[in-house]
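These protein sequences, in sequence, are chains A and B.
Quick note: the first sequence uses this note's numbering, first residue 128, plus one each step.
Quick note: the second sequence uses this note's numbering, first residue 5, plus one each step.
Glycine included, C-beta positions come from ideal geometry on N, C-alpha and C.
Predicted model, so just to flag it, every value in this text is computed and none were measured.
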Amino acid sequence: MAYLPLADQEQELHHPHSWVTKYVWSQDHKVIAIQYGGTAIAVGCVALVLSLLMRMQLGFPESFDFIDPNSYYQSVTMHGMIMVVYLLTALFLGGFGNYLIPLMVGARDMVFPFLNMLSYWVYLLSVLILMASFFVDGGPTGAGWTLYPPQAAMAGTPGHDMGIILMLVSLVVFIVAFTMGGLNYVTTVLQGRCRGLTMMRLPLSVWGIFVATILGLFAFPALLVSAIMMIFDTLLGTSFFMPAVIESGTPLDHNGGSPILFQHLFWFFGHPEVYIVALPAFGLVSDVLSTHARKNIFGYRMMVWAIIAIGGLSFVVWAHHMYVSGMHPYFGFFFATTTLIIAVPTALKVYNWVLTLWEGNIRLNAPMYFAIGFIFTFIHGGLTGLFLGNVVIDLPLSDTYFVVAHFHMVMGVSPVLVLFAALYHWYPKITGRMFHSGMAKLHFWCTFLGTYAIYLPMHYLGFLGVPRRYYALGTTDFIPQSAQDLNAAITMAALFVSASQLLFFINIFWSLRNGKKAGGNPWGSASLEWQTPDTPPIHGNWGDELPTVYRWAYDYSVPGAHEDFISQNTPESAEPTVDEQHFDSDIDQPLAGV
Amino acid sequence: MSFIKNITVKPWERKGIIGGLRPVGTFDTAPEKVALVFFLVVASVVFSLFTVSYIIRMELPDWRPLSDPAQLWLNTGLLVISSILLQWARTIVQTEARKHLISAFIGGGVFAILFIAGQMNTWQDLQATGNYINANPATSFFFLLTGLHALHLLGGLWVWSKSSIRLIAGSKPEEIKLSIELCTLYWHFLLIVWLAMFAMLTNT
Chain A
128 MAYLPLADQE QELHHPHSWV TKYVWSQDHK VIAIQYGGTA IAVGCVALVL
178 SLLMRMQLGF PESFDFIDPN SYYQSVTMHG MIMVVYLLTA LFLGGFGNYL
228 IPLMVGARDM VFPFLNMLSY WVYLLSVLIL MASFFVDGGP TGAGWTLYPP
278 QAAMAGTPGH DMGIILMLVS LVVFIVAFTM GGLNYVTTVL QGRCRGLTMM
328 RLPLSVWGIF VATILGLFAF PALLVSAIMM IFDTLLGTSF FMPAVIESGT
378 PLDHNGGSPI LFQHLFWFFG HPEVYIVALP AFGLVSDVLS THARKNIFGY
428 RMMVWAIIAI GGLSFVVWAH HMYVSGMHPY FGFFFATTTL IIAVPTALKV
478 YNWVLTLWEG NIRLNAPMYF AIGFIFTFIH GGLTGLFLGN VVIDLPLSDT
528 YFVVAHFHMV MGVSPVLVLF AALYHWYPKI TGRMFHSGMA KLHFWCTFLG
578 TYAIYLPMHY LGFLGVPRRY YALGTTDFIP QSAQDLNAAI TMAALFVSAS
628 QLLFFINIFW SLRNGKKAGG NPWGSASLEW QTPDTPPIHG NWGDELPTVY
678 RWAYDYSVPG AHEDFISQNT PESAEPTVDE QHFDSDIDQP LAGV
Chain B
5 MSFIKNITVK PWERKGIIGG LRPVGTFDTA PEKVALVFFL VVASVVFSLF
55 TVSYIIRMEL PDWRPLSDPA QLWLNTGLLV ISSILLQWAR TIVQTEARKH
105 LISAFIGGGV FAILFIAGQM NTWQDLQATG NYINANPATS FFFLLTGLHA
155 LHLLGGLWVW SKSSIRLIAG SKPEEIKLSI ELCTLYWHFL LIVWLAMFAM
205 LTNT
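1) Which residues bound the alpha helix (DSSP H) around Pro348(A)?
2) In terms of alpha-carbon separation, which member of Asn197(A), Ile159(A), Arg490(A) lies closest to Tyr597(A)?
3) Output needed for Pro523(A): all residues of its chain with C-beta closer than 7 Å, excluding positions within five of it in sequence on either side, in chain order.
4) With distance defined between alpha-carbon atoms, name the residue in Arg68(B), Lys181(B), Ile110(B), Leu194(B) nearest to Asn207(B).
5) Going by DSSP, what residues sit across from Glu374(A) in a beta bridge?
6) Considering just the uninterrupted stretch of the alpha helix (DSSP H) at Ala641(A), what are its terminal residues?
7) Would you kindly report the start and end of the unbroken alpha helix (DSSP H) that includes Thr95(B)?
8) Does the structure place the stretch 83 to 96 of chain B close enough to the stretch 104 to 116 of chain B that three or more beta carbon pairs sit under 8 Å?
9) Give me the chain A residues within the contact set of Ala173(B), using Cβ-Cβ distance strictly less than 7 Å, ordered along the chain.
10) Where does Tyr681(A) fall in DSSP's three states?
11) Once the 5 residues before and after Arg526(A) are set aside, which same chain residues still bring their CB inside 8 Å of it?
12) Could you tell me how far apart the beta carbons of Phe54(B) and Leu149(B) are, in whole angstroms, since I believe they sit closer than 8 Å?
13) Going by DSSP in three states, Phe575(A) sits in which element: helix, strand or coil?
14) Hey, would you say Leu600(A) sits closer than 7 Å to Ile606(A), going by beta carbons?
15) For Lys19(B), does the three-state DSSP call read helix, strand or coil?
16) Look up Pro594(A) in the DSSP assignment and give the residues it is bridged to.
17) For Thr483(A), is the classification buried or exposed, using 16 other Cβ atoms within 10 angstroms of its Cβ as the cut-off for buried?
18) Going by the DSSP bridge assignment, what does Arg322(A) pair with across the sheet?
19) In chain order, what residues of the same chain lie with their CB nearer than 6 Å to the CB of Arg560(A), ignoring the 5 residues before and after it?
20) In the DSSP assignment, find the alpha helix (DSSP H) that holds Leu206(A) and state where it starts and stops.
21) What do you reckon, are the CB atoms on Tyr200(A) and Pro276(A) nearer than 7 Å?
22) Three Cβ pairs or more, each shorter than 8 Å: is that satisfied between the stretch 545 to 562 of chain A and the stretch 488 to 502 of chain A?
23) Measuring alpha carbon to alpha carbon, tell me which residue in Phe147(B), Val46(B), Lys181(B) is nearest Met201(B).
24) Does any CB atom of chain B fall closer than 7 Å to the CB of Lys201(A)?
25) Against chain A, which members of the stretch 16 to 29 of chain B pass a CB distance test of less than 8 Å?
26) Quickly, what does DSSP pair Lys176(B) with across the bridge? List them, please.
27) Determine whether the beta carbon atoms of Ala160(A) and Asn225(A) lie at a separation below 7 Å.
28) CA-CA distance, Val540(A) and Val624(A)?
29) Return the residue from the list Leu344(A), Asp360(A), Pro143(A), Phe241(A) that minimises the CA-CA distance to Ile291(A).
30) Report the three-state DSSP secondary structure of Lys157(A) (helix, strand or coil).
31) Chain A partners of Phe141(B), CB-CB under 8 Å?
32) Give the C-beta separation of Gly670(A) and Ser627(A) to the nearest angstrom, bearing in mind that I take them to be a contact with Cβ-Cβ under 8 Å.
33) Tell me where the alpha helix (DSSP H) around Lys476(A) begins and ends.
34) By the three-class DSSP mapping on this structure, what secondary structure does Lys149(A) have?
35) In the DSSP assignment, find the unbroken alpha helix (DSSP H) run with His391(A) in it and report its ends.
36) Let me confirm a value: Tyr683(A) is counted as buried when at least 16 other C-beta atoms fall within 10 Å, else exposed. Which label applies?
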């Protein structure tokens with residue numbers, strides 16, 4: 128049976144009738160995106176506060192009574208897990224994926240709006256379960272964000288009873304939510320595109336989100352499997368991962384389990400997770416750079432292939448997180464090789480971003496500041512990744528602050544800069560108002576320079592051999608006093624950067640009412656989401672008729688065009704002919720005499 | 005157009021509408037089916053990772069193979085019949101007929117319920133003989149894998165019950181065709197998963 132393409136079906140939209148169905152139990156992808164985004168940012172703020180607690184302890188040890196070793200480790204664990212899973216994954220895919228996919232593919236909504244709504248509410252449930260662990264006996268787990276057994280379930284670890292259970296259950300619930308959302312994103316990109324929109328005409332944002340979602344659908348099962356087996360180990364006394372252990376002189380009931388198996392499963396999820404966050408960031412930043420440089424993205428096809436290649440390779444590098452687990456040297460050699468190989472398509476993307484800027488008509492709007500800032504931090508974090516990808520360099524550095532510096536540059540600061548670039552870039556479409564440009568640029572400089580002040584010295588601490596994961600360094604011969612001074616400086620920078628994020632919140636809330644009216648397409652962008660008849664787009668997005676796409680999303684500065692961009696839904700007939708094109712008279716005259 | 009050919013075109017060169025009403029690269033099928041196929045891939049990954057864990061854990065010295073519960077053969081038979089009946093319902097609905105449709109479709113679900121009841125019986129028998137979930141890794145895996153499979157089947161039965169109500173309430177075959185097709189696909193998938201698990205659980 129031949130099915131009508133979705134774009135041509137009269138899609139039955141769920142029309143809201145009350146405030147509750149419009150803003151709470153909404154099935155509109157844009158409202159769900161804002162719900163996802165708001166929840167993710169709120170929980171991210173919790174994680175930010177936790178990181179400040181850690182930094183205060185490290186910078187000024189023994190100064191704060193309310194931070195003890197237990198609360199320190201609980202802060203480390205919750206900060207890591209919240210930032211990676213509940214903030215970054217949820218905001219990039221649940222937030223931007225939801226908002227941008229239907230608009231960028233010219234659809235009225237996601238293919239399964241009800242499932243989409245369910246996805247958000249299940250995600251919120253997972254967040255609430257996680258937050259509940261702050262209020263149970265023993266508090267949240269302090270096992271480190273990797274939750275390695277047997278330590279996570281042993282009495283010496285904070286939150287070893289209820290905390291770890293709530294964390295694991297929350298992750299399982301999160302994965303259910305992600306799967307519901309993910310099936311929606313993938314199906315909408317494949318089946319919901321409007322007429323004329325081939326896959327190779329999709330903006331790179333959609334490509335990034337699409338491939339990241341597929342990665343997520345394949346990688347989250349590994350976390351699901353390990354979480355389920357660990358719940359069994361902790362609650363039902365099985366021994367999937369738990370070996371025979373003696374705790375305070377008493378042998379536990381467990382026997383013979385394999386903790387290394389957990390590590391493999393965890394990192395089989397954990398490494399693709401890096402790219403689940405990075406690929407949407409790559410896509411979004413490509414679109415921001417291209418729009419504000421008024422130039423088509425350099426090497427569009429290469430960019431798509433690189434996204435696909437990175438997605439595939441991300442599944443064969445996981446054990447580079449486990450070099451110190453005592454693996455066979457050949458095993459380490461294999462993973463070092465694949466790690467270096469994945470750097471190739473990644474570097475290719477960096478070259479293409481830089482070449483997009485080359486001879487572009489760059490407009491230094493606030494989103495562009497963040498996008499260019501991202502190129503810096505990403506190159507920086509990427510290069511230190513090459514150090515750590517090599518077994519012999521990783522072994523001495525693995526347990527030091529060098530690793531903390533590396534992954535915060537590549538996995539923390541870089542995606543967050545893209546998030547800000549994207550939030551500022553699409554803010555006028557989401558709200559219909561412009562933000563305060565000066566405040567946004569001040570926000571950029573505080574964040575960009577501030578994060579360098581935090582993480583650059585950490586590399587140095589790593590080379591000194593300062594170990595990570597320690598609550599307090601105490602007096603150690605090989606760590607000089609200057610390291611402690613540096614730690615204090617890092618803490619001051621962290622407090623400054625955190626406080627400066629208030630600029631962002633003040634700006635977006637202040638501009639909601641006081642921002643200049645944005646109009647439909649304030650940046651002069653060619654992609655489809657800027658061509659909606661209403662701004663912000665109303666339910667159903669496109670008015671009476673769905674758009675038709677005639678070109679790719681990067682027709683900027685086309686010679687002879689009336690404007691410096693041609694939107695994707697501009698027909699060929701609307702393009703200027705050669706006769707209409709304006710030539711400079713000085714050049715015309717000699718030709719006229721020929 | 006193949007995937008490779010699809011992603012090697014130069015989008016900056018060609019303007020205008022490409023393809024007919026259907027954008028190039030969409031599948032000629034219902035979106036629900038595309039989503040289900042993706043879900044089946046995800047579920048396959050879950051079961052595969054459990055299998056890998058099973059094989060790795062099996063190598064460790066404390067593994068004691070489980071004596072095969074005879075009931076599993078009966079349960080397998082029930083699930084096979086369930087799948088056959090649903091396939092029959094699918095064949096009927098494709099010709100847009102109604103005769104035997106209700107009995108085939110409802111029957112398929114009923115046999116699946118019997119399968120789950122059989123599995124529960126197996127769990128009780130195991131516990132009665134001291135094979136608790138934490139007795140040995142082999143037993144732990146047995147409960148875990150069969151439980152997870154049953155959970156997937158329960159999810160399918162929820163969709164099946166909704167479709168059954170529509171069918172009994174008099175929905176026309178063409179209205180319910182897609183639901184029946186997707187249920188059948190899901191049932192066959194779970195049968196294949198079960199057969200693979202059954203072979204693994206009884207041979208190790």
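For this structure:
1) From DSSP, the alpha helix (DSSP H) with Pro348(A) extends over 331 to 358.
2) Nearest C-alpha to Tyr597(A): Asn197(A).
3) Listed in chain order, the non-local C-beta contacts of Pro523(A) below 7 Å within the same chain number zero, local neighbours out to five positions each way being set aside.
4) Checked all of Arg68(B), Lys181(B), Ile110(B), Leu194(B); the closest Cα to Asn207(B) is Arg68(B).
5) Beta-bridge pairing links Glu374(A) to Thr377(A).
6) Sequence check: residue 641(A) is Asn here, not Ala. For Asn641(A), the uninterrupted alpha helix (DSSP H) segment begins and ends at 608 to 641.
7) Segment 75 to 98, the alpha helix (DSSP H) holding Thr95(B).
8) Yes, since at least three Cβ pairs between the stretch 104 to 116 of chain B and the stretch 83 to 96 of chain B fall closer than 8 Å, the two stretches touch.
9) Going along chain A, no residue has its Cβ under 7 Å from Ala173(B), so there is no contact; the nearest lies around 20 Å.
10) Tyr681(A): coil per DSSP, three-state reduction.
11) Reading off the sequence shown, one finds Asp at residue 526(A), where the question assumed Arg. Val451, Pro594, Arg595, Arg596, listed in sequence order.
12) The C-beta separation of Phe54(B) from Leu149(B) comes to about 6 Å, placing the pair in contact by the 8 Å criterion.
13) In the three-state reduction of the DSSP assignment, Phe575(A) falls in the helix class, which pools H, G and I.
14) The Cβ-Cβ distance between Leu600(A) and Ile606(A) falls below 7 Å.
15) In the three-state DSSP reduction, Lys19(B) falls in the coil class, being neither helix nor strand.
16) Per DSSP, Thr527(A).
17) A buried status is given to Thr483(A), since no fewer than 16 other beta-carbon atoms sit within 10 Å of its beta-carbon.
18) Paired residue(s): Thr675(A).
19) Closer than 6 Å at Cβ, skipping near neighbours: Ser638, Gly642, Ala645.
20) Note that residue 206(A) is His in the sequence shown, not Leu. For His206(A), the enclosing alpha helix (DSSP H) has its first and last residue at 196 to 208.
21) The answer is no: Cβ separation not under 7 Å.
22) When C-beta atoms of the stretch 545 to 562 of chain A are compared with those of the stretch 488 to 502 of chain A, three or more pairs fall below 8 Å, so the two segments count as touching.
23) When each option's Cα is compared against that of Met201(B), the closest is Phe147(B).
24) According to the sequence provided, residue 201(A) is Gln. The question's Lys does not apply to it. Output row for Gln201(A): interface = no.
25) Flagged, chain order: Trp16, Lys19, Gly20, Ile21, Ile22, Gly23, Leu25, Arg26, Pro27, Val28, Gly29.
26) DSSP, once it has assigned bridges, lists no residue as partnering Lys176(B).
27) Contact: yes.
28) Whole-angstrom Cα-Cα distance: 11 Å.
29) Ile291(A) has its Cα closest to that of Asp360(A), out of Leu344(A), Asp360(A), Pro143(A), Phe241(A).
30) Residue state for Lys157(A) is assigned as helix, using DSSP reduced to three classes.
31) The question names Phe, but residue 141(B) in the sequence shown is Pro. Result: Thr365, Ser366, Phe367, Gly383, Gly384.
32) Approximately 41 Å separates the beta-carbon atoms of Gly670(A) and Ser627(A); this is outside 8 Å, ruling out the contact.
33) Boundaries of the alpha helix (DSSP H) around Lys476(A): 456 to 484.
34) Helix.
35) Unbroken alpha helix (DSSP H) run through His391(A): 386 to 420.
36) Buried, since its Cβ has 16 or more Cβ neighbours within 10 Å.
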